[in-house]
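Numbering (our numbering), first residue to last: 7 to 762.
The beta-carbon is built from N, C-alpha and C at its ideal position, and this holds for glycine as well.
To start, the structure itself, in structure tokens.
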Amino acid sequence: MIAQLNDAQRQAVTFGQGHLLVLAGAGSGKTRVLTTRIAWLIHSQGVSPHSILAVTFTNKAAREMLTRIEAILPINTRGMWVGTFHGLCNRLLRFHHREAGLEQTFQILDSADQLSAIRRLFKELNYDETLFNPRELQQFINSQKEQGIRPDACVARDQREEHCVDFYARYQEQCEREGVVDFAELLLRAYELLKNNSVLRAHYQERFKYVLVDEFQDTNPLQYAWLTLIAGTDSNIFAVGDDDQSIYAFRGADISNMFRFKQDYAGENVIRLEQNYRSSGHILDAANQLIAANEGRLGKNLWTDSGQGEPIRVRIMDTDALEAQWVLEEVQALLAKGTEPQDIAVLYRSNAQSRVLEHRLFTAGVPYRVYGGLRFFERQEIKHVLAYLRLVHNPNDDTSWLRVVNFPTRGIGARSIEQLSELAHNYQCSLYRAVPFMTGAAANRLATFVQLLQQMAHAAQGMTLPELVQFVTKHSGLAEYYEGQREGQERLENLQELVNAAAVFVQEEGIADHAAGQIPVDAHASVADPMAAMSPLGAFLTHASLEAGDTQAQAGEQAIQLMTVHAAKGLEFDVVFVTGLEEGIFPHERSLDAEHDLEEERRLMYVAMTRARQRLYLTRAHTRMLHGQRRYYQSSRFIAELPEENLHWLSPAPAAYGGEAGQPWGQHLGAQMHRWQPGNRRAQADNYGGSIYRNRAVTVNGREFRIGMGVRHPKFGEGTVLRVSGEGENAQAEIQFQAVGKKNLALAIAKLDIIS
DNA sequence: GTCGGCTGGCTTTTT
DNA sequence: GCCAGCCGAC
Numbered sequence: 007m008i009a010q011l012n013d014a015q016r017q018a019v020t021f022g023q024g025h026l027l028v029l030a031g032a033g034s035g036k037t038r039v040l041t042t043r044i045a046w047l048i049h050s051q052g053v054s055p056h057s058i059l060a061v062t063f064t065n066k067a068a069r070e071m072l073t074r075i076e077a078i079l080p081i082n083t084r085g086m087w088v089g090t091f092h093g094l095c096n097r098l099l100r101f102h103h104r105e106a107g108l109e110q111t112f113q114i115l116d117s118a119d120q121l122s123a124i125r126r127l128f129k130e131l132n133y134d135e136t137l138f139n140p141r142e143l144q145q146f147i148n149s150q151k152e153q154g155i156r157p158d159a160c161v162a163r164d165q166r167e168e169h170c171v172d173f174y175a176r177y178q179e180q181c182e183r184e185g186v187v188d189f190a191e192l193l194l195r196a197y198e199l200l201k202n203n204s205v206l207r208a209h210y211q212e213r214f215k216y217v218l219v220d221e222f223q224d225t226n227p228l229q230y231a232w233l234t235l236i237a238g239t240d241s242n243i244f245a246v247g248d249d250d251q252s253i254y255a256f257r258g259a260d261i262s263n264m265f266r267f268k269q270d271y272a273g274e275n276v277i278r279l280e281q282n283y284r285s286s287g288h289i290l291d292a293a294n295q296l297i298a299a300n301e302g303r304l305g306k307n308l309w310t311d312s313g314q315g316e317p318i319r320v321r322i323m324d325t326d327a328l329e330a331q332w333v334l335e336e337v338q339a340l341l342a343k344g345t346e347p348q349d350i351a352v353l354y355r356s357n358a359q360s361r362v363l364e365h366r367l368f369t370a371g372v373p374y375r376v377y378g379g380l381r382f383f384e385r386q387e388i389k390h391v392l393a394y395l396r397l398v399h400n401p402n403d404d405t406s407w408l409r410v411v412n413f414p415t416r417g418i419g420a421r422s423i424e425q426l427s428e429l430a431h432n433y434q435c436s437l438y439r440a441v442p443f444m445t446g447a448a449a450n451r452l453a454t455f456v457q458l459l460q461q462m463a464h465a466a467q468g469m470t471l472p473e474l475v476q477f478v479t480k481h482s483g484l485a486e487y488y489e490g491q492r493e494g495q496e497r498l499e500n501l502q503e504l505v506n507a508a509a510v511f512v513q514e515e516g517i518a519d520h521a522a523g524q525i526p527v528d529a530h531a532s533v534a535d536p537m538a539a540m541s542p543l544g545a546f547l548t549h550a551s552l553e554a555g556d557t558q559a560q561a562g563e564q565a566i567q568l569m570t571v572h573a574a575k576g577l578e579f580d581v582v583f584v585t586g587l588e589e590g591i592f593p594h595e596r597s598l599d600a601e602h603d604l605e606e607e608r609r610l611m612y613v614a615m616t617r618a619r620q621r622l623y624l625t626r627a628h629t630r631m632l633h634g635q636r637r638y639y640q641s642s643r644f645i646a647e648l649p650e651e652n653l654h655w656l657s658p659a660p661a662a663y664g665g666e667a668g669q670p671w672g673q674h675l676g677a678q679m680h681r682w683q684p685g686n687r688r689a690q691a692d693n694y695g696g697s698i699y700r701n702r703a704v705t706v707n708g709r710e711f712r713i714g715m716g717v718r719h720p721k722f723g724e725g726t727v728l729r730v731s732g733e734g735e736n737a738q739a740e741i742q743f744q745a746v747g748k749k750n751l752a753l754a755i756a757k758l759d760i761i762s
């Protein structure tokens, strides 16, 4: 089992008692170490699967872990708790719903559900739309919850935040009233459950002697607290992560958890997995050099014994369209030489960049697949059916009620809903329960809708889950509605797919025979699995909320892979193109102002580069269409940060760094400027003077120097302003010169010409 | 209640 | 350039 591991891997796998931090570099066999350790604990140390808790971030990672453990050890993994933070918290809360103050049937709101719940409350409370918007409030609420802060513990720094806190409190009341739980709430509730209930806490701390965490760098403060709580004082925490691949700070992930864990738990117990089994030497050397520019890393250097391989190919084109064209040609050449399309990935910083690429690939007839976008359970038609199913499960679910009460239309308009809401408000009840208080014509229509729901609920008692889904699809009128739509065919297919998904679900859960709406009779005997104590329908709805469906390729699909760098994390390809390497695109313009944001962008670049096994391409364009405007961009600093010896310049006349000095882009710029005037000049002025580089300029002798500006020095040649500081006589700038690298210059003295 | 036109806004998104 | 959300017209 451990014979094929390298020394560091073996050390990690066979680490004894205590806490351990494993710094697992990209491609260093992280998953293998995790799964082998679990197998080793059970097989060689006689540890019971029962005392193992393994946490991941994605369902996919959790599944993969289980599959791989089962491949090593022919044991039943049932007793183990392996899952996502959210999945495991859900399990805890279903088990102990009473202690957690929840109905056992509580529903989970995904992000979209949460937003619509917030919108609804927002309208009801008549919030000032010029001061707040629902999205901001959603962010506020989630970020509070991710820090473990309840409304009463919030500290508002100003009046505006006071309103946010107030809204948070009202939102929470609404959730309680409706028996729904959002993603962050799953974690916070589970955390509070353990924190406030010493008996339960003792039970789980006693049980889980081995706690293993994957992608530790992505944990948020609440997850950290949850882990420490469930581990208690006697358990062994095995945390695997890579601070250099932390790219989810914007979602609350806190990289400092790694430092904290080292301080609080691991101490000197840190193992680095630095041998890389994925990429060639040139790629790793360049990636190492790049990431070294970040400060406060835990420190790590990837190496390989499989040779230098090919240098990184760098190509600069005039426009984004030509960049796409060139990628296409390169892809075609690779395909002609026998590379499989699915082994080629084209990466970009933001989704908007995919359009041009898609256009070229599509026109040329090269099969491609774009990742991202809506997933199966997030599709409109699917959410509609799920809303009916949720109402069958719990008719007091107002979010679902509002979603489908008039879809397909059945003459229940905004006026009627308003009336109903008012009644519900007055009687402090759900919309469903408010129906009998209605009068007039709308009352009849609403009563008919209630009858429909009751008919469905009745059906649920006598049908299996797939049958029920089919029944609801038909009797809700959704099937007929989409049949009548011009673009409805695909949606109809998805509805059928939902029936299939239900069938697969009951198969896998071993509940095929139960009626969808009934709680199994032997439910209470089932201590191992709280989900088994739910009706098949309830379990399916939970499944639909926690697992939005795969965005990953089906195996065997023959297509070029297009995705954002974020989406590429954890994947690898023989050939990788990283496109759009421009200052303002990658690094993104919104990240230029703060050093910690820039460092995250650099980590993102690091992730992008380390996806490549054999060949890595970096491309950039001088100008790009963005937000409907043609804009001019400087080269990404990340290209400049790579060692020249690992690069192979494919653009005309490469020179020292930029590859552009020989055929200066100064001339290019002139040409482009000429071609796109005046719109282009205006766009540029907006770029540098406007929102992007705000507060990033100094004025010296009446001339303004801004970050991102192109300048020319009589001796050093052309360069780009990276940083500015000081005032007047003391003003300084750090400038990246193409020929001689970075220089700090006093702006009052240096003879600089501004060229762009 | 539905459709069409207008305006504004715009990174990334495991659960 | 594209999409979502809103508003006004039918």
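For residue i, name the three-state secondary structure that DSSP assigns.
i, result
"A739", "strand"
"K757", "coil"
"Y488", "helix"
"N242", "strand"
"E588", "strand"
"D260", "coil"
"D324", "strand"
"V352", "strand"
"T369", "helix"
"Q51", "helix"
"V161", "coil"
"G35", "coil"
"Q23", "coil"
"S641", "strand"
"Y210", "helix"
"T625", "strand"
"D224", "helix"
"I8", "coil"
"R688", "Residue confidence for R688 is low, a pLDDT of 23 falling below 50, so the modelled location carries little weight and cannot support an answer."
"Q120", "helix"
Can you tell which of the options has its C-alpha closest to the C-alpha of residue i?
i, options, result
"E142", "F368, L121, D324, K129", "L121"
"F21", "L501, T454, A272, G89", "A272"
"Q23", "I155, S241, R608", "S241"
"P227", "D326, W655, A574, D260", "D260"
"S641", "K343, Q513, D324, I418", "D324"
"N300", "E607, K757, A614", "E607"
"T239", "S541, D164, T445, Q211", "Q211"
"G379", "F368, A573, W407, R621", "A573"
"D580", "L341, I58, H719", "L341"
"Q153", "E135, W232, E184", "W232"
"E93", "N132, N82, A190, I147", "Note on identity: in this sequence residue 93 is Gly, with Glu being the wrong assignment. Out of N132, N82, A190, I147, A190 has the C-alpha closest to the C-alpha of G93."
"S117", "D326, V441, D188", "D188"
"V727", "L568, R643, R319, V478", "R643"
"S360", "V704, R630, A45", "R630"
"Y394", "N450, Q434, A465", "A465"
Could you please give me the residues that DSSP links to residue i through a beta bridge?
i, result
"M631", "R636"
"E724", "R718"
"R375", "Q567"
"T90", "T62"
"Q281", "W309"
"G247", "L29"
"Q113", "V186"
Throw me the rounded Cβ distance for the residue i and residue j pair, which I believe falls under 8 Å.
i, j, result
"W332", "R321", "6 Å"
"Y306", "R266", "Tyr is not the amino acid found at residue 306; the sequence shown has Lys there. About 18 Å; that fails the 8 Å criterion."
"L206", "E105", "7 Å"
"I755", "R718", "Going by Cβ atoms, the distance from I755 to R718 rounds to 16 Å, so no, they are not a contact pair."
For the ligand GTP, any of its heavy atoms closer than 8 Å to the Cβ of residue i?
i, result
"L653", "The ligand GTP is absent from the structure shown, which contains no ligand whatsoever."
Say whether the stretch 247-254 touches the stretch 585-603, bearing in mind that this needs 3 or more beta-carbon pairs closer than 8 Å, one atom from each stretch.
no
Within the chosen definition, does the stretch 84-91 reach the stretch 65-74 through at least 3 CB pairs nearer than 8 Å?
yes
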